[in-house]
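Residue numbers (my numbering), protein chains in the order written: chain A, 121 to 482; chain B, 121 to 505. For every residue, glycine included, the Cβ atom is placed at its ideal position computed from N, Cα and C.
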């Protein structure tokens with residue numbers, strides 16, 4: 121990490137735009153990020169929160185100044201967390217949406233992206249839940265931050281009354297070895313785009329379109345969007361909207377190129393994946409996935425097996441590829457993240473109530 | 121100052137001996153109860169909600185002008201009904217002692233859909249300690265309605281990929297998939313759509329993009345093999361949109377909406393611009409240049425991914441229209457056409473209704489895979505003379 125930071129510092133010395141007011145090695149500047157929407161979240165090292173903002177087609181990196189300490193083993197449980205946030209922001213519960221949840225690995229505190237309101241003028245907010253379950257708003261005024269724009273498409277011409285109605289919704293973000301990987305889904309063309317951005321942000325965005333084989337009679341799918349993904353041993357494991365789980369080497373995500381992923385599992389019917397984590401128990405790695413139809417699914421992961429597996433190309437009854445089990449005790453899980461090596465935090469929704477719960481990793 | 125409509129529950133508050141109610145006459149207050157921006161508490165104290173320039177709660181008179189204590193020692197503001205009293209946190213905001221009294225400025229604008237409860241410290245307010253406030257609602261001039269659903273044809277291919285629903289006012293996010301239903305010959309189709317928590321809206325939330333679940337379209341994948349395609353040729357369908365779907369102000373639609381259509385055979389072919397026809401205008405007129413397609417194309421993309429360039433590469437200013445069930449694209453210049461050679465640039469990601477585009481069909485056979493990056497734009501030349 122130090123060598124990377126040093127080289128970054130050298131690079132920045134040459135960049136006039138970052139010469140003043142910058143937060144040294146992180147390419148950050150002090151100010152107030154103009155966040156228009158707070159969507160998917162991830163953490164970069166040292167307590168830097170990454171926020172996906174679909175409305176401004178950007179990823180914001182914000183220094184939360186929240187690192188060190190760790191969770192020290194306490195469980196974080198907040199019943200009706202959506203109701204409590206609504207009460208704090210003076211809003212009706214059904215006008216308060218929690219969009220994503222992530223644990224800051226530097227501190228063990230939980231962060232939530234929230235929309236106050238459901239209309240186009242909804243206010244984006246970030247809330248923090250500490251190890252005692254106390255809620256507070258993350259102030260976004262006068263913070264160290266950086267912004268990476270994802271939008272390299274021409275805008276509609278305002279002079280002609282045109283307002284570009286296309287939005288590429290950011291569906292997931294992950295940080296991996298100095299890169300921020302972003303999955304998106306357009307509200308017009310049915311296109312799959314994974315983007316890779318060097319971190320700290322330096323103003324360059326790389327885009328990569330991914331072609332994947334689909335687990336069906338050898339057919340090639342070119343365009344299905346990624347719903348959620350995670351990195352594992354320098355591989356992206358991506359869950360696609362039509363149910364396959366696909367592995368793509370991170371090194372294959374080269375700018376302006378196409379690459380092929382390998383379908384390693386087809387997770388079956390009526391399954392819209394929502395969120396994933398990876399953890400180790402004993403000598404075994406596991407993938408835990410929340411999805412709309414099945415509650416939470418657990419898959420055994422093995423890098424050698426993933427690398428050596430033949431891509432599924434024929435129809436197999438039931439579930440093809442890597443097998444999985446369903447964790448019966450976990451239902452209605454919308455979000456999950458690792459709290460530490462043995463525990464996870466979940467957002468569980470039930471009617472109008474969302475609970476934040478800590479569980480032992482299964 | 122404006123009148124406030126309150127919940128009928130407020131009537132019990134009138135029993136407080138020292139409460140006074142001030143009413144301003146604004147019509148269209150649907151609730152029978154009318155109310156209150158200001159309460160006289162006794163001991164010379166007054167609690168009010170000032171609306172201008174931004175809503176602020178003011179406690180004036182008596183001890184409120186002392187600044188030896190923290191503001192929250194005098195009163196706190198809660199969302200009514202936000203949970204058990206002991207568990208519900210007060211709303212965020214800032215206290216300030218001024219000559220007018222103790223001011224509380226909420227961190228966020230108050231919502232007209234929420235009843236706010238001001239809880240006074242026990243030694244303030246006399247007979248009671250809770251007072252309720254609610255902002256007047258600001259409403260649209262007219263109820264929101266569905267303006268159109270695309271594709272506009274009444275016969276749609278069974279591998280249709282998406283609908284666009286256009287609304288007259290901004291809508292609310294978060295309930296789309298519970299408000300839209302697909303019926304086949306009068307019976308509900310189970311899980312026909314790709315349901316995404318993000319919901320795919322345009323930026324002002326007047327257009328919703330609804331994808332048919334791609335796993336129900338692609339041949340050979342599990343969802344389709346287990347449940348069948350969402351649309352099947354030869355059947356009659358209704359896309360129903362509930363009136364209960366609320367707009368961004370929390371009001372339901374003026375009425376429900378139904379799009380009726382028949383499903384026809386699929387279209388698996390990629391677009392071939394060689395089959396398109398072009399109608400060229402005469403010089404010095406503002407007659408549109410037109411493209412006539414061999415099949416209906418994506419309504420939204422026809423507004424965005426085609427443009428007209430002059431020979432020098434400059435973009436011609438003008439307006440786009442689309443008709444004939446999205447089979448005809450017309451570009452009318454702002455100024456009469458000079459004699460020149462032009463080209464229409466078309467992004468190759470332009471799709472038909474089934475997601476086939478100019479460089480690949482929606483489903484690509486493995487043997488046809490091409491690892492080269494396709495050209496992003498093609499040009500269709502025409503001469504104006």
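Taking the beta carbon of residue i as the centre, do at least 16 other beta carbons fall within 10 Å, making it buried, or is it exposed?
i, result
"residue 344 of chain A", "buried"
"residue 296 of chain A", "buried"
"residue 267 of chain B", "exposed"
"residue 472 of chain B", "buried"
"residue 241 of chain A", "exposed"
"residue 333 of chain B", "buried"
"residue 367 of chain A", "buried"
"residue 163 of chain B", "exposed"
"residue 151 of chain B", "Caution applies to residue 151 of chain B, whose pLDDT of 39 falls short of 50 and renders its modelled position unreliable; the value that the coordinates give is listed next. So residue 151 of chain B ends up on the exposed side."
"residue 385 of chain B", "exposed"
"residue 456 of chain B", "exposed"
"residue 395 of chain A", "buried"
"residue 342 of chain B", "buried"
"residue 400 of chain A", "exposed"
"residue 497 of chain B", "exposed"
"residue 326 of chain B", "buried"
Who pairs with residue i in a beta bridge, going by DSSP?
i, result
"residue 475 of chain A", "A:468"
"residue 400 of chain A", "A:405"
"residue 457 of chain A", "A:465"
"residue 180 of chain A", "A:171, A:267"
"residue 304 of chain B", "B:307, B:357"
"residue 162 of chain A", "A:170"
"residue 269 of chain B", "B:285"
"residue 366 of chain A", "A:358, A:383"
"residue 499 of chain B", "B:465"
"residue 307 of chain A", "BP columns for residue 307 of chain A are empty, so no partner."
"residue 234 of chain B", "Answer is none; residue 234 of chain B lacks a bridge partner."
"residue 214 of chain B", "B:225"
"residue 479 of chain B", "Per DSSP, none; premise fails for residue 479 of chain B."
"residue 159 of chain B", "B:167"
Along chain D, which residues have their Cβ under 8 Å away from the Cβ of residue i?
i, result
"residue 209 of chain A", "The structure shown contains no chain D; the protein chains it does contain are A and B."
I need the straight-line Cα distance from residue i to residue j, nearest angstrom please.
i, j, result
"residue 228 of chain A", "residue 251 of chain A", "7 Å"
"residue 451 of chain A", "residue 468 of chain A", "7 Å"
"residue 459 of chain B", "residue 434 of chain B", "15 Å"
"residue 355 of chain A", "residue 389 of chain B", "34 Å"
"residue 289 of chain B", "residue 194 of chain A", "47 Å"
"residue 236 of chain A", "residue 399 of chain B", "50 Å"
"residue 366 of chain B", "residue 239 of chain A", "10 Å"
"residue 183 of chain A", "residue 173 of chain A", "16 Å"
"residue 167 of chain A", "residue 247 of chain A", "14 Å"
"residue 68 of chain A", "residue 385 of chain A", "No answer is possible for residue 68 of chain A: the residues shown for chain A start at 121 and end at 482."
"residue 314 of chain B", "residue 349 of chain B", "13 Å"
"residue 275 of chain B", "residue 284 of chain B", "16 Å"
"residue 348 of chain A", "residue 190 of chain B", "47 Å"
"residue 235 of chain B", "residue 311 of chain A", "44 Å"
"residue 305 of chain B", "residue 202 of chain A", "40 Å"
"residue 265 of chain B", "residue 398 of chain A", "45 Å"
"residue 416 of chain B", "residue 439 of chain B", "20 Å"
"residue 213 of chain A", "residue 225 of chain A", "29 Å"
"residue 323 of chain A", "residue 266 of chain A", "10 Å"
"residue 221 of chain A", "residue 193 of chain B", "34 Å"
"residue 162 of chain A", "residue 233 of chain A", "11 Å"
"residue 282 of chain B", "residue 467 of chain B", "19 Å"
"residue 170 of chain A", "residue 321 of chain A", "11 Å"
Write down the C-beta distance between residue i and residue j rounded to the nearest angstrom, noting that I regard them as a contact closer than 8 Å.
i, j, result
"residue 160 of chain A", "residue 301 of chain A", "That pair is no contact at about 11 Å."
"residue 175 of chain B", "residue 226 of chain B", "7 Å"
"residue 375 of chain B", "residue 358 of chain B", "Going by Cβ atoms, the distance from residue 375 of chain B to residue 358 of chain B rounds to 15 Å, so no, they are not a contact pair."
"residue 411 of chain B", "residue 442 of chain B", "Actually they do not touch by this definition, with Cβ atoms about 10 Å apart."
"residue 425 of chain B", "residue 463 of chain B", "So it is not a contact: roughly 14 Å between Cβ atoms."
"residue 224 of chain B", "residue 177 of chain B", "4 Å"
"residue 408 of chain A", "residue 442 of chain A", "14 Å between Cβ atoms; not a contact."
"residue 211 of chain B", "residue 210 of chain A", "4 Å"
"residue 208 of chain B", "residue 215 of chain B", "So it is not a contact: roughly 19 Å between Cβ atoms."
"residue 219 of chain A", "residue 158 of chain A", "6 Å"
Length-filtered (3 minimum) beta strand (DSSP E) runs lying within the stretch 224-272 of chain A: 230-236, 243-249, 255-257, 263-269
Entirely enclosed alpha helix (DSSP H) segments - the stretch 373-446 of chain B, minimum 4 residues: 419-422
Would you mind listing the alpha helix (DSSP H) stretches within the stretch 191-217 of chain A that are 4+ residues and don't spill past its ends, in chain order? 201-208
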